[in-house]
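Residue numbers (this note's numbering), protein chains in the order written: chain Z, 1 to 312; chain W, 1 to 312.
Data block below; observations after.
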């Protein structure tokens, strides 16, 4: 089981070094973005992945010049239109010429639309959702936080997919039976005033009935109960998950976003992020992410991509 | 301007030492709670406050024996019934025999009902809300987080009161013109899919029109934009608040609760909590709070109570 962000990067290196077909390939959609080019160049230089740059080749060349990036090491595909660039990057993964889709200079919605296209995309019959992997100096293992970036107010059935996607990510980190905490503002069920507490209760029971296998689910739990055994004990909560969660499922995008950012921006944590649920992982870094987060996110995507191939 | 939780405690000591009528008084509702008694005894021993213990005197005496707490130093009022105990504690504050209401062994709802009673309570014509004061090792000043404990899904007008209450708390900390960030999952307004972003826009404009004076309000802001100047700069956000917020207003109780607890339980932060908006501050500590949080919460309540008296 991987315990740190650095170990994610090391494990990705190990898998790449054992890979008979060499470095895995990132398909970058609308690659004319300096920071994304910087991140893929770092990955290339350290032998982690190579990239096919899909986008406006003239603008890519300009950015490459600024970065002193050796463009002859890259395959380029010219697509000025960003919608077209997204479709092409996705097609490269469909055709197994690349393993991971990476977002460049285009809206997330445009990229996800290409990913989710039922005919030409990477639709896997499941909702896509964002997972953040967090290494906090105040927790004893990695934490997966979901979904603070894509699904605004997920329904009960959508939460089932959000949980499954997070469990797939946990599996790539070597967590065989992840402990899933469904977060709310408290641990009591108040179905009238706080519907998310009732949903959490339903999802927990679905897990006990075998309807959501491969994990332990418990909720509603307030965050302190989920990550702090002593807080759970004082509250008298009996749970396989409380105090030892691997996955924190937020009730909605606001809570998920605030949680992820509280840990990164005000909690001294390191992070990596990914979109799960499609036939291949999608790296969606934000311009405000540090180079470290981008590097870790690429490594995490590679772990997930390798894991998916092993399952086939 | 106070910069640390410890300085809140020191400032409370300073105000108490200058107070002609001696130590201020806490009215404890349903005081038969060992941890609450421990907290008020600490406050008494360090000369910060004395307490009137309202509740089941026999059970109070039992707990006092366990703690070796000198009950002859306390005024006791026997009220077996917790609803009655809440009403009596509130009455003590109404009659100016105490300055702060403190929750003992009863439900928050029961206590707040007594506080909000329009005839016998401490109703001040305003919504009551919870504020958490946070000292994070990753931020350059104290942060007020609201409301993660009382108001589930506040309306626009309720958010105005939540902001006012937080500003009153900021004033007690010596922050003359607090910077208020209205949190959402992003900084763009999406009124259809994320109503809280539109509410944040309205509240920001109300502030510019002078309808919510005494502070700078800006939103929607994602948490990173609110507390990290570099993240705000990269996103091109022009704002008096971004990167330097004093007050973080969560869109709802789930986001507020997760934020407060992320900082305390996974962020290495120190905290204090309080209910604002009534005619006197109400200390609502939870059993899972550490002794340090309880001590700081009492000191914070005293600062607010002294501040309110100065305004009269």
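Glycine residues also receive a C-beta, built at the ideal position from the N, C-alpha and C atoms.
Small disclaimer: the values here were computed from a predicted structure and weren't measured.
Proximity test, Cβ basis, 8 Å: residue i and chain Z
| i | result |
| --- | --- |
| residue 201 of chain W | no |
| residue 8 of chain W | no |
| residue 331 of chain W | No answer is possible for residue 331 of chain W: the residues shown for chain W start at 1 and end at 312. |
| residue 266 of chain W | yes |
| residue 312 of chain W | Confidence at residue 312 of chain W is low in this model, with a pLDDT of 49, below 50, so its placement is unreliable and the value that follows should be read with caution. Not an interface residue. |
| residue 3 of chain W | no |
| residue 118 of chain W | no |
Anticipated Cβ contact below 8 Å, residue i with residue j, distance rounded
| i | j | result |
| --- | --- | --- |
| residue 231 of chain W | residue 240 of chain W | So it is not a contact: roughly 16 Å between Cβ atoms. |
| residue 266 of chain W | residue 300 of chain Z | In fact, because the Cβ distance is near 20 Å, the residues do not count as touching under 8 Å. |
| residue 281 of chain W | residue 305 of chain W | 6 Å |
| residue 202 of chain Z | residue 156 of chain Z | 6 Å |
| residue 69 of chain Z | residue 37 of chain Z | 6 Å |
| residue 101 of chain Z | residue 115 of chain Z | 6 Å |
| residue 183 of chain Z | residue 219 of chain Z | 7 Å |
| residue 214 of chain Z | residue 146 of chain Z | Residue 214 of chain Z to residue 146 of chain Z, Cβ: 16 Å. No contact. |
| residue 323 of chain Z | residue 165 of chain Z | Since the displayed chain Z opens at 1 and closes at 312, residue 323 of chain Z lies outside it and no answer follows. |
| residue 29 of chain Z | residue 121 of chain Z | With a Cβ gap of about 12 Å, residue 29 of chain Z and residue 121 of chain Z do not count as contacting. |
| residue 196 of chain Z | residue 254 of chain W | 7 Å |
| residue 209 of chain W | residue 9 of chain W | That pair is no contact at about 38 Å. |
| residue 268 of chain Z | residue 137 of chain Z | 5 Å |
Below-8 Å beta-carbon distance, residue i vs any chain W residue
| i | result |
| --- | --- |
| residue 147 of chain Z | no |
| residue 296 of chain Z | no |
| residue 111 of chain Z | no |
| residue 305 of chain Z | no |
Closest Cα partner of residue i within the set the options
| i | options | result |
| --- | --- | --- |
| residue 221 of chain Z | Z:82, Z:199, Z:210, Z:105 | Z:199 |
| residue 286 of chain W | Z:242, Z:161, Z:277, Z:186 | Z:186 |
| residue 274 of chain W | W:11, W:127, W:131 | W:131 |
| residue 16 of chain W | W:34, W:46, W:41 | W:46 |
| residue 42 of chain Z | Z:94, Z:307, Z:26 | Z:26 |
| residue 72 of chain W | W:170, W:92, W:44 | W:44 |
| residue 250 of chain Z | Z:237, Z:144, Z:178, Z:192 | Z:144 |
| residue 204 of chain W | W:121, W:181, W:14 | W:181 |
| residue 167 of chain W | W:53, W:207, W:152 | W:207 |
| residue 234 of chain W | Z:279, Z:288, Z:35 | Z:288 |
| residue 302 of chain W | W:6, W:79, W:13, W:162 | W:13 |
| residue 261 of chain W | W:178, W:154, W:149, W:292 | W:149 |
| residue 298 of chain Z | Z:66, Z:3, Z:7, Z:39 | Z:39 |
| residue 179 of chain W | W:227, W:193, W:137, W:49 | W:227 |
| residue 357 of chain W | W:133, W:91, W:33 | Because chain W here runs from 1 to 312, residue 357 of chain W falls outside it and cannot be looked at. |
Within 8 Å of chain A by C-beta, residues of the region 32-45 of chain W in sequence order: Annotation note: the requested chain A is absent from the structure, which comprises protein chains Z and W.
- request: Report the residues of the region 212-242 of chain Z with a CB closer than 7 Å to any CB of chain W, ordered along the chain.
  value: 222, 223, 224, 227, 228, 231, 234, 235
message: Against chain Z, which members of the region 242-262 of chain W pass a CB distance test of less than 8 Å?
response: 250, 251, 252, 253, 254, 255, 256, 257, 258, 259, 261, 262
- request: Note down, in chain order, all residues in the region 182-209 of chain W with a beta-carbon under 9 Å from any beta-carbon belonging to chain Z.
  value: 183, 184, 185, 186, 190, 193, 194, 196
- request: Could you list the residues in the region 136-162 of chain W with a C-beta less than 9 Å from some C-beta on chain Z, going in chain order?
  value: So the close ones are 136, 137, 138, 139, 143, 148, 149, 152, 153.
- prompt: Residues in the region 278-294 of chain W with C-beta within 7 Å of chain Z's C-beta atoms, listed in sequence order?
  reply: 287, 288
- request: Output the residue ranges of the alpha helix (DSSP H) runs that lie fully inside the region 53-107 of chain W and measure 4 residues or longer, sorted by chain position.
  value: Inside the region 53-107 of chain W, DSSP marks whole alpha helix (DSSP H) runs of 4 or more residues at positions 57-67, 82-94, from first to last along the chain.
field: Inside the region 150-193 of chain Z only - beta strand (DSSP E) runs reaching at least 3 residues
entry: 179-183
query: Can you give, in chain order, each stretch of the alpha helix (DSSP H) that sits fully within the region 208-240 of chain Z and has at least 4 residues?
result: For the region 208-240 of chain Z, whole alpha helix (DSSP H) runs of length 4 or above, ordered along the chain, are 223-227, 229-234.
task: Could you tell me which uninterrupted beta strand (DSSP E) segments, each at least 3 residues in length, are contained entirely in the region 235-302 of chain W, listed from first to last along the chain?
output: 247-249, 270-276
message: Which complete alpha helix (DSSP H) runs does the region 14-49 of chain W hold, if anything under 4 residues is left out?
response: Complete alpha helix (DSSP H) runs here, min 4: 34-45.
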